[in-house]
Every structure is written in C-alpha cells, then in structure tokens.
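Here the numbering used here is used: the first residue of the sequence shown is 193, the next is one more, and so on.
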Amino acid sequence: MRPFIYEKATSETDAIVRRSGSNAQFLGAGTNLIDLMRERVEAPDALVDVTGLSRQIEETPDGGILIGAAASNTALAENAIVRQRYSALARALLAGASVQIRNMATVGGNILQRTRCTYFYDVEGSRCNKRNPGSGCDALDGLNRAHGILGVSQSCIATHPSDMCVALAAFDARIHLVGDTGRRIVPLTEFHRLPGDTPEIETNLEPGELITAVDLPALPPGARSMYRKVRDRASYAFALVSVAGVLQIVEGRIVEARIALGGVAPKPWRIKEAEAGLIGAAPGEAVFSEAADIILSGAITRTGNAFKPELARRTIVAVLQNLSGETR
Numbered sequence: 193m194r195p196f197i198y199e200k201a202t203s204e205t206d207a208i209v210r211r212s213g214s215n216a217q218f219l220g221a222g223t224n225l226i227d228l229m230r231e232r233v234e235a236p237d238a239l240v241d242v243t244g245l246s247r248q249i250e251e252t253p254d255g256g257i258l259i260g261a262a263a264s265n266t267a268l269a270e271n272a273i274v275r276q277r278y279s280a281l282a283r284a285l286l287a288g289a290s291v292q293i294r295n296m297a298t299v300g301g302n303i304l305q306r307t308r309c310t311y312f313y314d315v316e317g318s319r320c321n322k323r324n325p326g327s328g329c330d331a332l333d334g335l336n337r338a339h340g341i342l343g344v345s346q347s348c349i350a351t352h353p354s355d356m357c358v359a360l361a362a363f364d365a366r367i368h369l370v371g372d373t374g375r376r377i378v379p380l381t382e383f384h385r386l387p388g389d390t391p392e393i394e395t396n397l398e399p400g401e402l403i404t405a406v407d408l409p410a411l412p413p414g415a416r417s418m419y420r421k422v423r424d425r426a427s428y429a430f431a432l433v434s435v436a437g438v439l440q441i442v443e444g445r446i447v448e449a450r451i452a453l454g455g456v457a458p459k460p461w462r463i464k465e466a467e468a469g470l471i472g473a474a475p476g477e478a479v480f481s482e483a484a485d486i487i488l489s490g491a492i493t494r495t496g497n498a499f500k501p502e503l504a505r506r507t508i509v510a511v512l513q514n515l516s517g518e519t520r
C-alpha cells in the first residue's frame, strides 16, 4: 500500500471540496476500499472520511424510511422500522457479513463496494478489463462459478456482491446524492451500470459526488417481503443466487409484486415486465415459474455457472410461494 493523506470531512460541502480536483476517494468504514488498496487495485492519493456526516435512520412523513449513508449495517439491521416493515432488508444485511464487518460497514459503502471477482483482485497474474481497461477478461474462460449470467458482456462477467442492494432494489430505494452541481436523487435500479464495453465505469455517479442518504417509500398495506440467499457455505459466503421478493395479495389475487436478484448480474437485477405479468393473477407455482422464466430469458452462461439459471428459477419460485402462503 502506498502512502496517502487522510482527512476527516466536517460537512458535505467540506467533503466535496476536499475531494475536488485530486485523486482522492471518500472513505466510509473502508471494509472494501482498504482491502483494495492493500491489494494495489486502488491507489488514491487521499481518503476523505465521511463517516461522521449522516447516520440517521428515521421515518418519513409518508410512512417510508430515510437512511443516512454513514449508518452502519448493524444499526440498519436492528432498526425497529426496518425489522417490522422491510424485513427482507434486515435479513439481507444479516446474511451479508460477520458481526464485526456489519458493525463497521456503512450503507453508502455497501452500495459502492466493488466486485469480489478473483481476477479483479489478482493484479499480477490476471487480465481484468474492470481493473485495466482493454486488457481482457480471464473470467470468460476461467473459474467462473460465481460469475454473472444476466447483463454481462464480453468485457466483463463479474457480479455486484451486495446483499443489501438486492433488498433495496425490491423496495424501490432511491439514492440521494450531492456534488458540485447540487443535489439529485437516483433510483437504486438506475444507479449501477452494466459493463458493456466500459466495465471500469460501475455507477452513474458524477465526478466527486457523494452519497448522503437512501430512502425507501412506504410499502402497500399488507405487503410481505422476504430475502433468500443460496451460497456454497452457510457462513458469510457471497451469493451464488439471491432473491428479494415483495408480494401483496388481496382477495386471492396479486396486486403488487417485486422480484430482485443478486449473485447473477453486475447490478441488482429486476425485470418489471415479469412483475407486471403477475398482477391480477392467483398465486401459484405455474405463474411464479412463468415470471422466473421471463426474468432469466436473457441468461448467458459459461462453463462454470451453467447451473445458475435453474438455481435462480427455483429460488424465485420458492420465495414467491413462501410469500403467498404456499410455504416451500
């Protein structure tokens, strides 16, 4: 790790000024960034600590919730509103890391964490277009069991590793940003980018922009949520496939349906056409399977991850059956 300057921001404006015009990065807990610096994947000249700026977790007037970007994952998972109304989010956070990491990790940092692709971390021995644009992608024909099948390209098949973001996507979360040009709000589903020919550009952040908060709108009355994670081992492994589901059923018919996937794409994955196809239908395995097939219709598999479409389909159906009362 090369030397760097450490500065602690006293306000949002101060943070933006300190980062402006330099090879600096904002620092949350650093549970991902510091690892990347040690591995020489990242090499900022300065770190601007923003952990003291926005830790609030509070109910909004419309019955939703506003979450400060510096709130810890533990604080969010233990929040009474989250546990009662957004239980899939609490479950995703608890599935995502050890207690020690949850105590340190922040909401903003979780959103911005980078892929855990082995080739991305292997600075000396592997080609990676995300790390070194134009160099190639060794994952395409390498060890790709954990890699993506949706939204991928010939330039990159890495997946976004966050459990939290999958649940946030299902809850229609919005990201609050501030930068040199002012404030703006971006839906989480539009925040992360697909790799295309530029996998090194991972988000739609403008240069120097800072995440300040995340808000979740109120859920429809009676809506239920669930998060299920399938992994190689039960203890703090990244998802092979994960599913966050939200379902509202009124008089035997589905009136609200949301399905977000993790472990399969470079970003939390939602296909709203599949959700729309469930509206008005009676819940059941057949209609849930149809929705899963629509979501997975564009899957592109490699040698190591050819099992993922069927695993994802079964997990989607199981989550929706559980939410509809057809426990599986």
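Yeah, the Cβ is synthetic: ideal placement off N, Cα and C, and Gly gets one too.
Under three-state DSSP, which class holds Pro501?
Walking along the sequence shown from the start, residue 501 turns up at place 309. Correct three-state label for Pro501: helix.
Excluding sequence positions up to five away, which residues of its chain have a Cβ less than 6 Å from the Cβ of Thr223?
As a working mapping, residue 223 is identified with position 31 in the sequence shown. Excluding residues within five positions, the ones whose Cβ falls inside 6 Å are Ile293, Met296, Ala297.
Quick one: using the 10 Å Cβ neighbour count with 16 as the cut-off for buried, is Ile471 buried or exposed?
Against the sequence shown, residue 471 aligns to sequence position 279. Per the 10 Å Cβ criterion, exposed.
Please name the residue in Asp227, Ala410, Ala429, Thr395 whose C-alpha comes closest to that of Val315.
Translated into positions along the sequence shown, residue 315 becomes position 123. Comparing Cα positions, the closest option is Asp227.
Could you give the distance in angstroms between the alpha-carbon of Ala221 and the alpha-carbon of Ala289?
If you number the sequence shown from 1, residue 221 lands on position 29. If you number the sequence shown from 1, residue 289 lands on position 97. In a straight line, the C-alpha of Ala221 is about 14 Å away from that of Ala289.
In terms of residue numbering, what span does the alpha helix (DSSP H) encompassing Ala484 cover?
Position 292 of the sequence shown, counted from the first residue, corresponds to residue 484. Unbroken alpha helix (DSSP H) run through Ala484: 477 to 487.
Expressed to the nearest angstrom, what Euclidean distance is found between the alpha-carbon atoms of Arg308 and Ala350?
Residue mapping note: residue 308 aligns to position 116 of the sequence shown, counting from 1. Residue mapping note: residue 350 aligns to position 158 of the sequence shown, counting from 1. Arg308 and Ala350: Cα-Cα distance of roughly 8 Å.
Is the shortest distance between the beta-carbon of Ala365 and the beta-carbons of chain D less than 8 Å?
In the structure shown, chain D cannot be found, because there is only a single protein chain.
Runs of 4 residues minimum, wholly inside the segment 298 to 351: which ones carry the alpha helix (DSSP H) assignment?
299 to 304, 310 to 313, all fully within the segment 298 to 351.
Just verifying my parser: in three-state terms, what is the DSSP assignment at Arg423?
On the sequence shown, residue 423 is found 231 positions in, with the first residue counted as 1. Coil at Arg423, not helix or strand.
Checking the sheet assignment: what are the DSSP bridge partners for Pro199?
Stepping through the sequence shown from its first residue, residue 199 is reached at position 7. Sequence check: residue 199 is Glu here, not Pro. For Glu199, which the question treats as bridged, DSSP gives the partners Val240.
Cα separation between Ser318 and Ser354?
Numbered from its first residue, the sequence shown carries residue 318 at position 126. Numbered from its first residue, the sequence shown carries residue 354 at position 162. Rounded to whole angstroms, Ser318 to Ser354 spans 23 Å at the Cα level.
How is Val435 classed by DSSP in three states: helix, strand or coil?
One-based indexing of the sequence shown puts residue 435 at position 243. Residue state, collapsed to three classes: strand.
Within 10 angstroms of the Cβ of Val291, are there 16 or more other Cβ atoms? Answer buried if so, exposed if not.
Position 99 of the sequence shown, counted from the start, is the residue given in the question as residue 291. Exposed, because fewer than 16 other Cβ atoms sit within 10 Å of the Cβ of Val291.
Per DSSP, what kind of secondary structure is Ser214 in: helix, strand or coil?
On the sequence shown, residue 214 is found 22 positions in, with the first residue counted as 1. If DSSP states are grouped into helix, strand and coil, Ser214 belongs with coil.
Bridge partners for Met418 per DSSP, in chain order?
Here the question's residue 418 lines up with position 226 in the sequence shown. DSSP output for Met418 lists Gly437 as bridge partner(s).
Please tell me whether Ala338 and Tyr311 are closer than 8 Å, where the distance is taken between their beta carbons.
In the sequence shown, counting from the first residue as 1, residue 338 sits at position 146. In the sequence shown, counting from the first residue as 1, residue 311 sits at position 119. No.
Ignoring anything shorter than 3 residues or poking outside the segment 242 to 275, list the beta strand (DSSP E) runs there in chain order.
You should have 249 to 251, 257 to 260.
Look up Ile377 in the DSSP assignment and say whether it is helix, strand or coil.
The sequence position of residue 377 within the sequence shown is 185, counting from 1. The answer is strand: DSSP assigns Ile377 an E or B state.
Take Gly343 and list the residues in its own chain whose beta-carbon comes closer than 6 Å to its own, dropping the five residues that flank it on each side.
As a position in the sequence shown, residue 343 is number 151, starting the count at 1. The answer, listed in chain order, is Leu386, Ala457, Pro458.
Exposed or buried, which one is Tyr198 when buried takes at least 16 other CB atoms within 10 Å?
Counting from 1 along the sequence shown, the entry for residue 198 is found at position 6. Exposed, by the Cβ-count rule.
Which of helix, strand or coil does DSSP assign to Gly288?
As a first step, residue 288 must be located in the sequence shown, where it is residue number 96. Residue state, collapsed to three classes: helix.
Under three-state DSSP, which class holds Arg277?
Reading the sequence shown from its first residue, position 85 is the one you call residue 277. The answer is helix: DSSP assigns Arg277 an H, G or I state.
Taking just the CA atoms, how far does Gly328 sit from Val274?
In the sequence shown, the residue the question calls residue 274 occupies position 82. In the sequence shown, the residue the question calls residue 328 occupies position 136. If you take the alpha carbons of Val274 and Gly328, they lie about 42 Å apart.
Quick check: the Cα distance between Ala466 and Glu448, rounded to an integer number of angstroms?
Taking the sequence shown and counting its residues from 1, the one referred to as residue 466 is at position 274. Taking the sequence shown and counting its residues from 1, the one referred to as residue 448 is at position 256. Each residue's alpha carbon lies about 12 Å from the other.
Quick check: the Cα distance between Arg194 and Lys500, rounded to an integer number of angstroms?
Indexing the sequence shown from 1 puts residue 194 at position 2. Indexing the sequence shown from 1 puts residue 500 at position 308. For Arg194 and Lys500, the distance between alpha carbons rounds to 39 Å.
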